[in-house]
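Residue numbers (the numbering used here): 11 to 557.
Cβ atoms here follow ideal geometry from the backbone N, Cα and C, with glycine treated the same way.
Here the structure is a predicted model, which means the values were calculated and not measured.
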Ligand code: GLC
Ligand code: CA
């Protein structure tokens with residue numbers, strides 16, 4: 011039985027929209043809010059309960075909206091506040107809540123606070139940001155590097171000090187030690203909550219407690235104090251879902267963020283499972299081969315650690331990550347099967363699943379061949395730095411095609427029309443050339459589509475408490491080709507078993523996995539019982555539930 015602690019967002023599926031690339035209503039090549047409204051019926055039929063909207067606020071778009079110049083205005087290319095209110099109302103009418111992307115580790119350098127702050131050392135908003143004197147003898151105050159490459163400090167000529175920016179120089183870090191800054195943020199959050207939004211996704215929230223003088227960026231000493239204060243001052247007491255982005259999170263940290271008595275967040279995004287293949291030195295730009303055993307080890311660690319307290323978020327992709335089917339599946343020979351397999355193993359885990367736009371139709375990475383085709387500021391910066399460090403251009407492009415952020419940012423593929431039906435104009439970034447075959451219209455017309463499979467999984471989660479609350483147990487942990495687990499709640503058991511590779515595999519099945527009843531999900535023929543042995547086809551995944 012779902013416990014008394016059960017929350018509505020535990021059985022809901024979240025869908026992430028990257029507004030710039032979702033649907034363009036006016037032909038300017040940029041997705042917008044009216045475009046999103048026009049696709050709400052589609053999202054309703056998918057069955058999702060929440061939309062996480064990547065930033066739609068006023069912004070010079072140095073980092074596609076993750077550089078906000080006014081937290082209480084909508085970027086004109088995306089629409090107006092009226093459009094936004096309409097989106098909230100129309101989504102709500104379809105049982106869908108909106109999560110806003112709260113980017114409060116930094117603002118844009120065009121935010122009025124920063125414009126004031128840099129005007130003079132005595133300026134009213136000076137202390138909203140992090141300023142330091144040059145090192146003795148000149149130069150940057152510390153060796154801290156920006157996540158987008160280069161020093162994390164930029165010198166401000168007029169006032170003779172450096173300001174901190176953990177991302178681009180146009181994204182100055184806010185100073186959370188300043189109570190006046192915190193009060194402004196909470197006020198702004200309450201303003202949005204009063205407009206009827208459901209909750210927040212919190213951008214790089216693990217960075218707000220930084221202590222730069224001690225070289226601490228993530229997981230700083232006052233991090234949890236700030237989040238608890240935010241909770242008290244804003245969404246605490248409501249049933250608003252909140253999810254913090256925390257690249258630094260360990261399972262132990264996740265319990266601090268999402269433990270039931272902590273008064274902090276609903277859950278965090280952790281990234282251990284997606285960074286498994288990153289190179290020690292070159293990071294994501296030089297991917298290592300896929301290792302299923304290592305991936306399972308990470309997933310198991312998180313599932314077990316948050317079994318009794320805290321809550322997991324479940325995802326393969328987002329706007330910063332490559333396309334799931336290209337990364338963990340096979341987007342050539344087994345695109346449909348492997349996309350369904352990945353969806354199956356993810357959606358039966360314990361946690362709240364997130365679907366990134368286009369994942370539900372099996373969209374793939376994009377095969378760009380020239381740096382001119384890329385748009386992402388991180389990719390463009392890293393291109394420069396890697397070439398300067400002696401990496402061959404072709405290696406960098408290969409890395410960017412494997413893991414770069416633009417893979418997820420090409421236009422949503424709605425139909426076989428030019429540019430996938432995303433725009434009647436010229437899209438801000440090229441559409442994937444496979445949009446003529448892989449698109450929503452074709453998926454809707456096909457019972458065997460990836461989309462049909464996602465609809466089923468999203469619906470099942472709302473029907474089956476065992477899928478939401480069941481105890482997780484992994485099996486065949488050392489098997490290099492198969493992922494297998496059970497979920498158990500009262501007398502109900504679900505067994506999930508999947509082949510992660512393009513060749514068939516046979517295996518002996520442990521007793522706990524031998525479940526008979528009915529097929530819950532299948533990407534080949536339905537299977538209603540798992541016996542002592544299984545034979546799995548390439549990328550086959552089956553989920554069987556006891557009666
Ligand atoms: C988060 C966002 C990413 C952005 C960065 C800086 O990681 O997901 O897109 O570039 O924060 O705001
Ligand atoms: Ca537009």
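Kindly indicate the opening and closing residues of the alpha helix (DSSP H) around residue 197.
That run of the alpha helix (DSSP H) goes 189 to 204.
Cβ of residue 329 versus every heavy atom of ligand 1: is any distance shorter than 7 Å?
Of the heavy atoms belonging to ligand 1, at least one sits nearer than 7 Å to the Cβ of residue 329.
So, helix, strand or coil for residue 19, using DSSP?
Helix.
Check whether the Cβ of residue 537 sits closer than 7 Å to any heavy atom of ligand 1, and report yes or no.
No heavy atom of ligand 1 is found nearer than 7 Å to the CB of residue 537.
Are there any heavy atoms of ligand 2 lying less than 7 Å away from the beta-carbon of residue 41, as far as the coordinates show?
For residue 41, the Cβ falls inside the 7 Å cut-off from some heavy atom of ligand 2.
Reference residue 554, options 207, 498, 135, closest by Cα:
Closest in C-alpha terms to residue 554, from the list 207, 498, 135, comes 498.
Let's see if you can read the secondary structure: which residues bound the beta strand (DSSP E) around residue 255?
First-last of the beta strand (DSSP E) with residue 255: 252 to 255.
Given the structure, does residue 72 come close to ligand 1, in the sense that its CB is under 7 Å from one of the ligand's heavy atoms?
Answer for residue 72: no, Cβ out of range of ligand 1.
DSSP state of residue 342, grouped into three classes?
Of the three classes helix, strand and coil, the one that applies to residue 342 here is coil, per DSSP.
Can we say the stretch 28 to 47 touches the stretch 121 to 131, given the rule of at least three CB pairs closer than 8 Å?
Because the criterion of three Cβ pairs below 8 Å is not met, the stretch 28 to 47 and the stretch 121 to 131 do not touch.
I'd like the list of long-range same chain contacts for residue 466, defined as Cβ closer than 8 Å, with 5 residues on each side in sequence excluded.
So the qualifying residues of the chain are 531.
Between which residues of its own chain and residue 83 is the CB-CB distance below 6 Å, once the five residues before and five after are set aside?
68, listed in sequence order.
List in chain order: all unbroken alpha helix (DSSP H) runs of 4+ residues lying wholly within the stretch 348 to 421.
Within the stretch 348 to 421, the complete alpha helix (DSSP H) runs of at least 4 residues fall at 387 to 398, 403 to 413.
Apart from the five residues just before and just after residue 257, which ones in its own chain have a Cβ nearer than 6 Å to its Cβ?
Counting only Cβ-Cβ distances below 6 Å, and skipping sequence neighbours, we find 281.
From the DSSP output, read off the bridge partner residues of residue 141.
Bridge partners of residue 141: 173.
Cβ-heavy atom distance between residue 194 and ligand 1 below 7 Å?
Flag unset: Cβ of residue 194 not near ligand 1.
So what's residue 228 in DSSP terms, helix, strand or just coil?
Reduced to three states, the DSSP call for residue 228 is coil.
Could you tell me the boundaries of the beta strand (DSSP E) in which residue 472 lies?
From DSSP, residue 472 is part of no beta strand (DSSP E) but of the alpha helix (DSSP H) over 460 to 473.
Can you tell me the Cβ-Cβ gap for residue 449 and residue 425, rounded? I've got them flagged as a contact below 8 Å.
With a Cβ gap of about 5 Å, residue 449 and residue 425 count as contacting.
What does a CB cutoff of less than 8 Å around residue 7 pick up in its chain, not counting 5 residues either side in sequence?
Residue 7 falls outside the range modelled here, since the chain spans only 11 to 557, and no answer is possible.
Excluding five sequence neighbours on each side, which residues of the same chain lie with their C-beta closer than 8 Å to the C-beta of residue 14?
Bear in mind that a pLDDT of 46 at residue 14, under 50, signals an unreliable position, so the model cannot answer this.
Less than 8 Å between the CB atoms is what I'm expecting for residue 411 and residue 363, so what's the real figure, rounded?
Incorrect: roughly 27 Å between the Cβ atoms, too far for contact.
Measuring straight from C-alpha to C-alpha, what distance separates residue 273 and residue 216?
Looking at the two C-alpha atoms, the distance is approximately 16 Å.
Among 65, 512, 493, 535, whose alpha-carbon lies nearest the alpha-carbon of residue 518?
Checking every option, the nearest Cα to that of residue 518 belongs to 493.
Beta strand (DSSP E) segments (min. 3 residues) lying fully within the stretch 262 to 327
With a minimum length of 3 residues, the continuous beta strand (DSSP E) runs that stay inside the stretch 262 to 327 are 277 to 279.
Spatially closest choice to residue 64 from 24, 35, 55, 37, by CA coordinates
Distances from the alpha-carbon of residue 64 to those of 24, 35, 55, 37 put 24 closest.
Put residue 541 into one of helix, strand or coil per three-state DSSP.
Three-state DSSP puts residue 541 in coil, outside helix and strand.
Helix, strand or coil: how does DSSP classify residue 102 here?
In the three-state scheme derived from DSSP, where H, G and I count as helix and E and B as strand, residue 102 is classed as helix.
Under 8 Å between the Cβ atoms of residue 219 and residue 236?
Yes. Within cutoff.
Quick one: what's residue 81 bridged to in DSSP?
None, per the DSSP bridge assignment.
Between residue 443 and residue 167, what straight-line distance do the alpha-carbon atoms span, to the nearest angstrom?
Each residue's alpha carbon lies about 46 Å from the other.
If you measure between the beta carbons of residue 116 and residue 50, is that distance less than 8 Å?
Going by C-beta atoms, residue 116 is not nearer than 8 Å to residue 50.
Does ligand 2 have a heavy atom nearer than 7 Å to the CB of residue 348?
No heavy atom of ligand 2 is found nearer than 7 Å to the CB of residue 348.
Might you give, ordered along the chain, the residues of its own chain that have their beta carbon closer than 8 Å to the beta carbon of residue 188, omitting 5 neighbours on each side?
Same-chain partners within the cutoff: 137, 138.
Alpha carbon to alpha carbon, what distance is there between residue 516 and residue 542?
The alpha-carbon atoms of residue 542 and residue 516 are separated by roughly 11 Å.
How many angstroms separate the CA atom of residue 538 from the CA atom of residue 354?
Approximately 15 Å, taken between the alpha carbons.
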